[in-house]
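What follows is a short report on a single structure.
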Amino acid sequence: MIHEISYFFTCIFCSLYYVSEYILNLFGVIMEFDLIIKNGNIIDGTGSEAYLGDIAIKDGVITEIGEVNGEAAEIIDASGKTVTPGFVDIHTHLDAQIGWDPEMTPICWHGVTTALIGNCGLTFAPCKPDDVEILAGMMETVEDIPKQAILSGLPWNWEHYGEYLDMLEELKPSLNVAGLVGHSAIRYYVMGDRSFDEQATDGEKKQMAEIVQKAMEDGAVGFSTNRYEPHKAPDGRSIQEPLQNAQNL
Numbered sequence: 000m001i002h003e004i005s006y007f008f009t010c011i012f013c014s015l016y017y018v019s020e021y022i023l024n025l026f027g028v029i030m031e032f033d034l035i036i037k038n039g040n041i042i043d044g045t046g047s048e049a050y051l052g053d054i055a056i057k058d059g060v061i062t063e064i065g066e067v068n069g070e071a072a073e074i075i076d077a078s079g080k081t082v083t084p085g086f087v088d089i090h091t092h093l094d095a096q097i098g099w100d101p102e103m104t105p106i107c108w109h110g111v112t113t114a115l116i117g118n119c120g121l122t123f124a125p126c127k128p129d130d131v132e133i134l135a136g137m138m139e140t141v142e143d144i145p146k147q148a149i150l151s152g153l154p155w156n157w158e159h160y161g162e163y164l165d166m167l168e169e170l171k172p173s174l175n176v177a178g179l180v181g182h183s184a185i186r187y188y189v190m191g192d193r194s195f196d197e198q199a200t201d202g203e204k205k206q207m208a209e210i211v212q213k214a215m216e217d218g219a220v221g222f223s224t225n226r227y228e229p230h231k232a233p234d235g236r237s238i239q240e241p242l243q244n245a246q247n248l
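Note that numbering that gives the first Met the number 0 has the sequence shown beginning at 0, numbered continuously upward.
Encoded structure:
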């Protein structure tokens, strides 16, 4: 008898639970926002003075800034703290690190939400299959990132810059990533080993310009170069750059 009574009340409890869930879903309060950050010292990136206020977010988008009145699933009290847009790091060499560290540490720990790669003329695209080692070697020589880590950390399954960007997207980096297409890679792609010792012909310059144009159409945000003397190939030869010879531009 006791077991029957216990079973009866268990059934009643479960029924009431599911009915209440249904009613809450049907008639419950719909949260206006997913998140409100309240009472923060807001620096909005426009150049205006900092001001106290709230920030409301819905579906990943900031919908209100100022004095926000409304309900949210989560509220963060930012009293005494500064709230800013994410920082943009315009000079990184995380091109290879993304492969083994898609969180892109340590810059993600310090408020950076967008990173620019491909600086100083050093990029991994365009890249012919036989040129993988030389591009990895350039990065090792200039940035002191071990060549073997570069080779093993990336799949190297691309040739053109657009394909390279597709690969980066598949890695799902935690930050927004923008890329420059680098002169060193372009020059080697067109000229091969001659790129270290010889000047480009008019035809080669035209081909390089076309590669830059196509890379930017495919998603590169710009072109990078350098005039820094220690930029060397793995064997010690200088990496030719256009600012060392104006005609290369």
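Beta carbons are placed, not taken as given, at the ideal position from N, Cα and C, and that holds for glycine.
In its chain, beyond the 5 residues on either side, A95 and W99 have a beta carbon closer than 8 angstroms to the beta carbon of A148. One alpha carbon belongs to H182, the other to E63, and they sit about 43 angstroms apart. H230 counts as buried, since no fewer than 16 other beta carbons sit within 10 angstroms of its beta carbon.
Remark: three or more beta-carbon pairs, one from each stretch, lie closer than 8 angstroms, so the segment 206–221 and the segment 151–163 are flagged as touching. Within a 10 Å sphere around the beta-carbon of S223 sit 16 or more other beta-carbons, which makes this residue buried.
Runs of the alpha helix (DSSP H) spanning 4 or more residues and lying entirely within the segment 52–77 do not occur at all.
By the neighbour-count criterion, in which 16 or more other beta carbons inside 10 Å mark a residue as buried, D53 falls on the buried side.
For I144, the three-state secondary structure derived from DSSP is coil. Beta-bridge annotation (DSSP): N118 is not paired with any residue. The segment 158–223 contains, as complete alpha helix (DSSP H) runs of 4+ residues, the segments 160–169, 182–190 and 201–216 (chain order). Contact between K146 and G136 holds, since their C-beta atoms are separated by about 6 angstroms, short of 8 angstroms. Taking 8 angstroms as the upper bound for CB-CB distance, I74 and K37 are in contact here, some 6 angstroms apart. Going by C-alpha positions, L34 is about 12 angstroms away from N68. Closest in C-alpha terms to D217, from the list P125, T81 and M138, comes P125. Nearest Cα to G178 within the set I29, K204, T91 and I106: T91. By the Cβ neighbour-count rule, G221 is exposed, with fewer than 16 other Cβ atoms within 10 Å of its own. Here L34 is bridged, per DSSP, to I56 and E73. S47 sits in coil when the DSSP states are folded into three classes, being neither helix nor strand.
Beta-carbon to beta-carbon, A219 and V180 are separated by about 4 angstroms, close enough to satisfy the 8 angstroms threshold. Looking at I29, S78, A77 and G85, the one whose alpha-carbon comes closest to that of D43 is G85.
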